[in-house]
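Peer 1: Residue numbers (the numbering used here): 22 to 455. Positions of the beta carbon are idealized from the N, C-alpha and C atoms, including for glycine.
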Ligand SMILES: [Zn+2]
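#1: Are three or more beta carbon pairs between the stretch 377-391 and the stretch 313-320 nearer than 8 angstroms?
#2: List the endpoints of the continuous alpha helix (DSSP H) containing residue 420.
#3: What would DSSP say about residue 409, mapped onto helix, strand or coil?
#4: In whole angstroms, what separates the C-alpha of residue 407 from that of residue 97?
#5: My guess is that residue 298 and residue 206 are in contact by the Cβ rule of under 8 angstroms, so how many angstroms apart are they, rounded?
#6: Please confirm whether any heavy atom of ligand 2 lies closer than 7 angstroms to the CB of residue 337.
#7: So, does the stretch 131-141 touch the stretch 209-228, judging by three or more C-beta pairs under 8 angstroms?
#8: Can you determine whether any heavy atom of ligand 1 sits closer than 7 angstroms to the C-beta of residue 357, and answer yes or no?
#9: Near residue 152, what residues of its chain come up, given a Cβ to Cβ distance below 6 angstroms and the 5 sequence neighbours on each side ignored?
#10: For residue 368, which residues from the same chain have a beta carbon less than 8 angstroms from its beta carbon, with the 5 sequence-adjacent residues on both sides left out?
#11: In angstroms with no decimal places, state the Cα-to-Cα distance between residue 222 and residue 139.
#12: In chain order, what residues of the same chain lie with their CB nearer than 8 angstroms to the CB of residue 125, ignoring the 5 residues before and after it?
#13: Please state the DSSP three-state secondary structure of residue 264.
#14: For the beta strand (DSSP E) containing residue 435, list its first residue and its last residue.
#15: Is residue 187 closer than 8 angstroms to residue 216 when the C-beta atoms are compared?
#16: CA-CA distance, residue 176 and residue 279?
#17: List the whole-angstrom C-beta distance separating residue 400 from residue 373, where the pair is believed to meet the contact cut-off of C-beta under 8 angstroms.
#18: Should the stretch 163-183 be regarded as contacting the stretch 416-435, the criterion being three or more beta carbon pairs within less than 8 angstroms?
#19: Return the CA-CA distance between residue 22 and residue 48, expressed in angstroms with no decimal places.
#20: So, at 7 angstroms on beta carbons, what are the nonlocal neighbours of residue 309 in its own chain, with the 5 sequence-adjacent residues on each side left out?
#21: Taking the runs of the beta strand (DSSP E) that are 3 residues or longer, which of them lie wholly in the stretch 158-232?
#22: Quick check: the Cα distance between residue 453 and residue 389, rounded to an integer number of angstroms?
#23: Output the boundary residues of the alpha helix (DSSP H) element that contains residue 121.
#24: CB residue 245 to CB residue 285, shorter than 8 angstroms?
#25: Suppose you measure from the CA of residue 156 to the CA of residue 70; what does that come to, to the nearest Å?
#26: Kindly indicate which three-state DSSP category residue 429 falls into: helix, strand or coil?
#27: Under 8 angstroms between the Cβ atoms of residue 184 and residue 254?
#28: Checking the sheet assignment: what are the DSSP bridge partners for residue 258?
#29: When the Cα atoms are used, what is the spatial distance from residue 198 to residue 204?
#30: Going along the chain, which residues of its own chain have a beta-carbon closer than 8 angstroms to the beta-carbon of residue 362, five neighbours each way excluded?
#31: Excluding the 5 residues preceding and the 5 following residue 268 in the sequence, name in chain order all residues of the same chain whose CB lies nearer than 8 angstroms to its CB.
#32: Quick check: does the Cβ of residue 376 come within less than 7 angstroms of any heavy atom belonging to ligand 1?
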């Protein structure tokens, strides 16, 4: 009996001990599992930090923000700590990217090729309305305008050719040795890349264009981006991303940051006689004060997205500027009125884009008034010399219009520099008769 009791007790003890041991092993395993999960979560968090930093740096690097990209990879102590504890692979990834960016930054070359400045007008959204010859004559649109479809087709071709949008303002700087004079600045880009300045004339959305299939105005989106307000042929108002150059180019650069040098987009040339950006801010209408604020908000958003503004004269008067018959008084009125009515809302600018591409002699008192009183340092004409003339207190930069006229009549030139027009020309265009 005793033995049995002892055996029984021993068995019980063993079972109890076993349970304890079992429980102890379970707890230990659970603790180990919890610790492993915790370590795994920490490792995942570190890897996320590293992946985020690498993709942020990559994006900056693609947009030629070399120092900013390096700063992302070098200056965040949390990132360094994460890379170190995540192991050699992670640290190696960051070190390799830093090396790649430093090499790219060190291999930039000074650009000294032709000066490329191309320009457009507001894009034709609905060719069937622009070319129906109701409203404004179709022939004018066919010559001087570009369609949305064409503009969208050009961008990837220009990018493939090595073009990179470059800020017009960055072409010059004040001459440190001769105050009041300007000198050209050096441009450094990766080998094979070509700086491209882009501008858009008459971003005013004139009344005469309203029935002809263009956007009606630029509008501020709830997302802080600038959109186009477009009326469809059925008369429905829509807010779109592809009603004109601005949102199309913004989205293209968003997708391909290497098409823009440090965020540069283009320059919008504005007149004033029907307001700006689609808002009648110069006619004393009841909504004027509200619209002025709207223009100011949109202009600020555009500037922060790499856009500049230029004076394109106030009146765009053809007998004054195209025929060159303006009196000094008329030029004074025109220059002063733009400064008074448009500049306060779009911001100061030292860029003048001449209406009809006019050029006058540098000594012409009317020209001196525009340059001197207007304070313009960059004067843009129209022409295909692809060279800049420095007149001392300002430069003159010619621009090439990439429109129906040029694509039809100067297809060889366009092919030499930019693209094959057969890949771009909109089949909705009627034949171009001159
Ligand atoms: Zn114009």
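Peer 2: According to the structure shown:
#1: no
#2: First-last for residue 420: 416-422, but that is the beta strand (DSSP E), not the alpha helix (DSSP H).
#3: coil
#4: 44 angstroms
#5: In fact, because the Cβ distance is near 29 angstroms, the residues do not count as touching under 8 angstroms.
#6: Among the ligands present in this structure, namely ligand 1, ligand 2 is not found.
#7: yes
#8: no
#9: 159, 451
#10: 320, 321, 324, 330
#11: 11 angstroms
#12: 82, 87, 211
#13: coil
#14: Looking at the DSSP string, residue 435 is not in any beta strand (DSSP E); the run it does join, the alpha helix (DSSP H), is 432-438.
#15: yes
#16: 12 angstroms
#17: 5 angstroms
#18: yes
#19: Below a pLDDT of 50, predicted positions are generally treated as unreliable, and residue 22, at 45, falls in that range; no measurement from the model is reported.
#20: 302
#21: 184-186, 193-195, 203-205, 215-222
#22: 38 angstroms
#23: 109-127
#24: no
#25: 58 angstroms
#26: helix
#27: no
#28: 252
#29: 10 angstroms
#30: 293, 302, 303, 335
#31: 246, 247, 248, 249, 261, 262
#32: yes
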